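*Asks:*
There are 2 protein chains.
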Amino acid sequence: MTLPSSLTARAVTEPEVKATYAVDESVGVAAPDHFEVVRARDLDDVVEVLTYAHHTGTPVVPQGARSGLAGGAVAVEGGIVLSLERLRSLLDVDPVECLAVVSPGMVTADVKAAAAAQGLFYPPDPASSAFCTIGGNVATNAGGLCCVKYGVTADYVRGLEVVLAGGEVMRTGRRTAKGVAGLDLTGLFVGSEGTLGVVTEATLRLLPAPDPALTVLATFATLGEASEAILRLRRDRHRPSLLELLDATSIAAVQSIADFGFPAGCAAALIVQSDRPGHTAEDVQRYAAVLTDAGATEVAVADDAQESDALLAGRRALHHGLVAKGTHFIEDLCVPVGDLTRLIAAGHEISARTGVEISMSGHGGDGNLHPSFFYDPADEASRHRAEEAFGDLVKVALSMGGTITGEHGVGSLKARWLPQEVGCASLERQRSLKALFDPRGILNPGRVYWS
Amino acid sequence: MTLPSSLTARAVTEPEVKATYAVDESVGVAAPDHFEVVRARDLDDVVEVLTYAHHTGTPVVPQGARSGLAGGAVAVEGGIVLSLERLRSLLDVDPVECLAVVSPGMVTADVKAAAAAQGLFYPPDPASSAFCTIGGNVATNAGGLCCVKYGVTADYVRGLEVVLAGGEVMRTGRRTAKGVAGLDLTGLFVGSEGTLGVVTEATLRLLPAPDPALTVLATFATLGEASEAILRLRRDRHRPSLLELLDATSIAAVQSIADFGFPAGCAAALIVQSDRPGHTAEDVQRYAAVLTDAGATEVAVADDAQESDALLAGRRALHHGLVAKGTHFIEDLCVPVGDLTRLIAAGHEISARTGVEISMSGHGGDGNLHPSFFYDPADEASRHRAEEAFGDLVKVALSMGGTITGEHGVGSLKARWLPQEVGCASLERQRSLKALFDPRGILNPGRVYWS
């Protein structure tokens, strides 16, 4: 494939630079041999790429910061990687309407900072928020550490500008607080993983700023007690703004890179926060009592922002700890919170049976865990066992009415389980919707449910 | 049209009873001469109707409580009215997952009560909540008095069971707190006004219960000052849970049915509430100070629930007051809140120019007003003038980036403005989506955007 001359000015040609656009943060999706990279500078560039690609049948992979974990932004053979990272304008922040209008390449943390500068709050907080972009967050309907209280990206997207296959520009949604005219195309695009169109502008709903969060850290002798504590905390009238779970394997992994203060031998830890204006100290004391009552062996309550950060540091270090521990698949199952204990028990059973080491941690308050399956990358059989073990745990989650992906997306890695989760009637309509918006199948081909 | 024998047992044959199913609460949509009414008793009945209708090309109008104001549930000639009012089961309330699973005919107030019995809260609160049903709320993405703080029905629908044209049953969404597997078909069905399928079950997200609300009532000498007060209240860190606006015409209409305590000659009133746990008294005092500072002539602050109800009573009586005042179209425009003053001024200008009396009231805190246009039903020219005046105000709202419908739906009455609001690219895809889900066009034909 040769780019038309009008696009070559925006193409990345330096081989070492180009190679960085081949993959995202996922493990196990191979980079292709031949692809082009175009870094769009404006809406017109996006229109031109999607017009050209539609007419020539060229695959297009939209890319933000390439921080995705499901292989949804890996380049495809003979295709164009369309990077939106240079479209990073803050177009508006309106403190009366409580919204922000942003370009897709804007880094999530920068959107949060722009809101904060007006006393407002953009809640979505994926672990990658320091470098991931809003376009990618919209594409995957990203979640993060705040969802237990604040929900996910979809809850904050009021409207979009998208470029469709063929180059037509469409606006969805609205700027107003309410509006029910016609079908909700905004919701259809949020979480569509780049398969229906390319987002070039997002209108985001903002909230008033909460207080700086205070943290409680509790450790437990059993995972069952930690799970029970989660259920009790969810019944609290003032829902924690963060409710994270670490199992023994995860704790050992973070302790191996630095001492985050977890006592030796504990089976689980919960990290809980309140950001409720005027009540953070009261809330964390109440949460601490609930945690103690549920059987916590040690409970530490932060008095100030510095202590809060220190108590959360172990959770923030989890990704690095697991990477240091070894090569692994990171997964993203979500089950009803009441089934969390059973999901964790199933993970232990699968680990014992298969010999695959599995860590179980993540957004416990949502029932959304990121089990990690460790393997030896030099040993094909070891990798295969890890994949099998993962498949076994997926089946358990689905049998509970859970989902194969709480927040990372289906991408390339989970497409095979989608039919079982959504069922034939839904899958057939999803395929038809894809064909309606992208009749030539150029947008992120092979992803989600069209592999 | 003759119903198949298997459906006649569920048909309404008594002419007086049948006639009540011909129309909803809208003004200006004619009832047809010939139609059948089937009251479904279970999922199988809905499947049977949609199978029969699809194969015979018979129009189907899904109906809840017929409280809609946009003509979205009026029977159509030669069609079947499919009433869901008998499917009114509370299937589950889960206090840990914070959700309820309900049948579509369940009355909204009953869902709210079922949640409250578990210390939980289902926020959507359309003015008709004492008799409207969840199925209708989902179909129109209903709003109400709480939206300024809590949003609309779409924000609380986690999953649906729907019957598609042809009778296939499809599940959308999920029971889990998070989930991003595949396209969001739930959002597509919410607000689709019965044109894509028939909802037979809804999984609803619940919140912890707030405190009983306290109310402030403020009156103003000018509408401009009341609008300015709305903008200031929206900047408050603790957003009111209710922020309603009445203009002089609306105040006179409610005062004509009883004395609700509005002083003579005031140009506008704002009713403001807080339901923030532990802080309602503090919030309403702060709101009162903001209202006074913005120029309110009188401010009354409730001390308890009884006073609160009394101060809200005038707003609750608005619908009756306007009906008593005379025949009118009730509209549902929503503009950016910052444009509210200009929208109201435009209404006054149109009224002065056309001689049509227009009241301007509604959910001021959202920028969502329900202007009512009064006319003499015996005078065709008067009615025509009211329609023209309405069209003029719609154009103003659209020019502000507003919408033709904040919460009532497009229905039969507003379809002609939809193309201008959403644009060609969106309209074309909406039409294609309709064709995808309902290729024979049997579901609520002539509604929304296919008239």
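Protein chains in written order, with numbering that gives the first Met the number 0: chain A, 0 to 450; chain B, 0 to 450.
No residue lacks a Cβ here, since even glycine has one placed at the ideal position from N, Cα and C.
The model shown is predicted, which means the values in this text are computed figures rather than measured ones.
In terms of alpha-carbon separation, which member of A/D43, A/G142 and A/A201 lies closest to A/V101?
*Replies:* Taking the first sequence and counting its residues from 1, the one referred to as residue 101 of chain A is at position 102. That would be A/A201, whose Cα lies nearest to the Cα of A/V101.
*Asks:* Kindly indicate which residue of A/G196, A/T194, A/S191 and A/G178 has the alpha-carbon position closest to the one of B/V189.
*Replies:* Start at 1 with the first residue of the second sequence, and residue 189 of chain B comes out as number 190. For B/V189, the nearest C-alpha among the options comes from A/G178.
*Asks:* Considering only residues of the same chain and omitting the five flanking positions on each side of B/E356, which have a CB-CB separation below 6 Å?
*Replies:* What you label residue 356 of chain B is simply residue 357 of the second sequence in a count that begins at 1. Correct list, in chain order: F373.
*Asks:* So, does the region 48-57 of chain B touch the region 388-396 of chain B, judging by three or more C-beta pairs under 8 Å?
*Replies:* No, the region 48-57 of chain B does not touch the region 388-396 of chain B.
*Asks:* In whole angstroms, what separates the C-alpha of A/S25 from that of A/K413?
*Replies:* Locating residue 25 of chain A in the first sequence gives position 26, where the first residue counts as 1. Locating residue 413 of chain A in the first sequence gives position 414, where the first residue counts as 1. So the two alpha carbons sit approximately 12 Å from each other.
*Asks:* Please report the residue range of the alpha helix (DSSP H) in which A/A82 lies.
*Replies:* The sequence position of residue 82 of chain A within the first sequence is 83, counting from 1. Looking at the sequence provided, one finds Ser at residue 82 of chain A rather than Ala. No alpha helix (DSSP H) contains A/S82, which is instead part of the beta strand (DSSP E) from G78 to S82.
*Asks:* Compile a chain-ordered list of the residues in the region 400-429 of chain B whose CB is closer than 7 Å to at least one CB of chain A.
*Replies:* For the region 400-429 of chain B, which is checked against every Cβ of chain A, the residues closer than 7 Å are G400, G401, T402, I403, T404, G405, E406, G408, V409, L417, E420, V421, G422, A424, S425, R428 and Q429.
*Asks:* By Cβ distance, which residues of its chain are closer than 6 Å to B/L267, with the 5 residues on each side in sequence left out?
*Replies:* Position 268 of the second sequence holds residue 267 of chain B. Contrary to the premise, residue 267 of chain B reads as Ala rather than Leu in this sequence. Hits under 6 Å: F219, L222, A225 and D246.
*Asks:* Using a Cβ-Cβ cut-off of 8 Å (strictly less than) and excluding sequence neighbours within five positions of A/V110, which residues of its own chain qualify?
*Replies:* The residue labelled residue 110 of chain A in the question sits at position 111 within the first sequence. Excluding sequence neighbours, A/V110 sits near L89, A99, V101, Y121, I133 and L203.
*Asks:* Under a Cβ-count criterion, where at least 16 other Cβ atoms within 10 Å of its own Cβ denotes burial, should A/Q284 be classed as buried or exposed?
*Replies:* Position 285 of the first sequence, counting from 1, holds the residue named residue 284 of chain A. A/Q284 comes out exposed.
*Asks:* Taking buried to mean at least 16 other C-beta atoms within 10 Å of its own C-beta, is B/C265 buried or exposed?
*Replies:* Start at 1 with the first residue of the second sequence, and residue 265 of chain B comes out as number 266. Classification of B/C265: buried, given that the 10 Å Cβ count is 16 or more.
*Asks:* Below 8 Å between beta carbons: does that hold for B/L242 and B/A212?
*Replies:* Within the second sequence, residue 242 of chain B is the residue found at index 243, counting from 1. Within the second sequence, residue 212 of chain B is the residue found at index 213, counting from 1. Not a contact, by the Cβ cut-off of 8 Å.
*Asks:* Measuring straight from C-alpha to C-alpha, what distance separates A/M359 and A/D338?
*Replies:* Residue numbering aside, residue 359 of chain A sits at position 360 when the first sequence is read from its first letter. Residue numbering aside, residue 338 of chain A sits at position 339 when the first sequence is read from its first letter. Those two C-alpha atoms are separated by around 14 Å.
*Asks:* Who are the neighbours of A/T139 on chain B, taking C-beta pairs under 8 Å?
*Replies:* Within the first sequence, numbered from 1, the residue matching residue 139 of chain A stands at position 140. Within chain B, the residues near A/T139 are V179.
*Asks:* Quick one: give me the first and last residue of the beta strand (DSSP E) that A/F188 is part of.
*Replies:* The count along the first sequence starts at 1 and reaches residue 188 of chain A at position 189. Here A/F188 belongs to no beta strand (DSSP E); instead the alpha helix (DSSP H) covers L184 to F188.
*Asks:* Which residue marks the beginning of the beta strand (DSSP E) containing B/D93, and which one marks its end?
*Replies:* In the second sequence, counting from the first residue as 1, residue 93 of chain B sits at position 94. Its beta strand (DSSP E) spans residues L89 to D93.
*Asks:* So if I threshold CB-CB distances at 8 Å, which residues from the region 152-171 of chain B count as touching chain A?
*Replies:* Going along the region 152-171 of chain B in chain order, one finds A153, D154, L163, E167, V168, M169, R170 and T171 with a Cβ nearer than 8 Å to chain A.
*Asks:* At the 8 Å Cβ level, is B/E96 part of the contact set with chain A, yes or no?
*Replies:* Against the second sequence, residue 96 of chain B aligns to sequence position 97. So yes, B/E96 belongs to the interface.
*Asks:* For the candidate residues A/E386, A/L49 and A/L269, whose alpha-carbon lies nearest to that of A/G440?
*Replies:* Position 441 of the first sequence holds residue 440 of chain A. Answer by Cα proximity: A/L49.
*Asks:* Contact criterion: CB-CB distance below 8 Å. Does A/C145 meet it with respect to chain B?
*Replies:* Within the first sequence, the letter at position 146 stands for residue 145 of chain A. Output row for A/C145: interface = no.
*Asks:* Just to confirm, is the Cβ distance from B/S82 to B/G135 under 8 Å?
*Replies:* Counted from its first residue, the second sequence places residue 82 of chain B at position 83. Counted from its first residue, the second sequence places residue 135 of chain B at position 136. No.
*Asks:* Express the C-alpha separation of A/K17 and A/L368 in angstroms, rounding to a whole number.
*Replies:* On the first sequence, residue 368 of chain A is found 369 positions in, with the first residue counted as 1. On the first sequence, residue 17 of chain A is found 18 positions in, with the first residue counted as 1. Taking the straight line joining both Cα atoms gives about 34 Å.
*Asks:* Within 8 Å of any Cβ in chain A, is that where the Cβ of B/N464 sits?
*Replies:* In this structure chain B extends from 0 to 450, so residue 464 of chain B is not present and cannot be described.
*Asks:* Does chain E have any CB closer than 8 Å to the CB of A/C333?
*Replies:* Any reference to chain E falls outside this structure, whose protein chains are A and B.
*Asks:* Verify the CB distance criterion: does B/T175 have a CB-CB separation below 8 Å to chain A?
*Replies:* Here residue 175 of chain B refers to the residue found at position 176 when the second sequence is read from its first residue. Chain A, which has a Cβ nearer than 8 Å to the Cβ of B/T175, makes this yes.
*Asks:* Which residue or residues does DSSP assign as beta-bridge partners of B/R38?
*Replies:* Residue numbering aside, residue 38 of chain B sits at position 39 when the second sequence is read from its first letter. Paired residues: B/S82.
*Asks:* Does any CB atom of chain B fall closer than 8 Å to the CB of A/D183?
*Replies:* Position 184 of the first sequence holds residue 183 of chain A. Closer than 8 Å to some Cβ of chain B, the Cβ of A/D183 qualifies, so yes.
*Asks:* Under a three-way DSSP split, which group does A/L412 fall into?
*Replies:* The residue given as residue 412 of chain A occupies position 413 in the first sequence. It is coil, neither helix nor strand.
*Asks:* Tell me whether B/G158 sits in a helix, a strand or coil according to DSSP, three-state version.
*Replies:* Within the second sequence, the letter at position 159 stands for residue 158 of chain B. DSSP places B/G158 in strand when its eight states are reduced to three.
*Asks:* Taking its Cβ as the centre, do 16 or more other Cβ atoms sit within 10 Å of A/P3, making it buried, or is it exposed?
*Replies:* The residue you call residue 3 of chain A lines up with position 4 of the first sequence. By the 10 Å Cβ count, A/P3 comes out exposed.
*Asks:* Is there a C-beta anywhere in chain B that falls below 8 Å from the one on A/G77?
*Replies:* On the first sequence, residue 77 of chain A is found 78 positions in, with the first residue counted as 1. Not closer than 8 Å to any Cβ of chain B, the Cβ of A/G77 fails to qualify, so no.
*Asks:* Whether or not the region 29-42 of chain B and the region 73-82 of chain B are in contact is what I'm after, with contact meaning three or more pairs of Cβ atoms, one per stretch, closer than 8 Å; do they touch?
*Replies:* The region 73-82 of chain B is in contact with the region 29-42 of chain B.
*Asks:* Going along the chain, which residues of its own chain have a beta-carbon closer than 6 Å to the beta-carbon of A/D93, five neighbours each way excluded?
*Replies:* Numbered from 1 along the first sequence, position 94 holds the residue referred to as residue 93 of chain A. If we look at A/D93 and ignore the five residues flanking it on each side, it has no Cβ neighbours.
*Asks:* Distance cutoff 8 Å, beta carbons only. Does B/N367 sit that close to anything in chain A?
*Replies:* The residue labelled residue 367 of chain B in the question sits at position 368 within the second sequence. Chain A contact via Cβ: present.
*Asks:* Examine chain A for any beta-carbon lying closer than 8 Å to the beta-carbon of B/V101, and answer yes or no.
*Replies:* Reading the second sequence from its first residue, position 102 is the one you call residue 101 of chain B. For B/V101, the answer is no, since every Cβ of chain A falls outside 8 Å of its Cβ.
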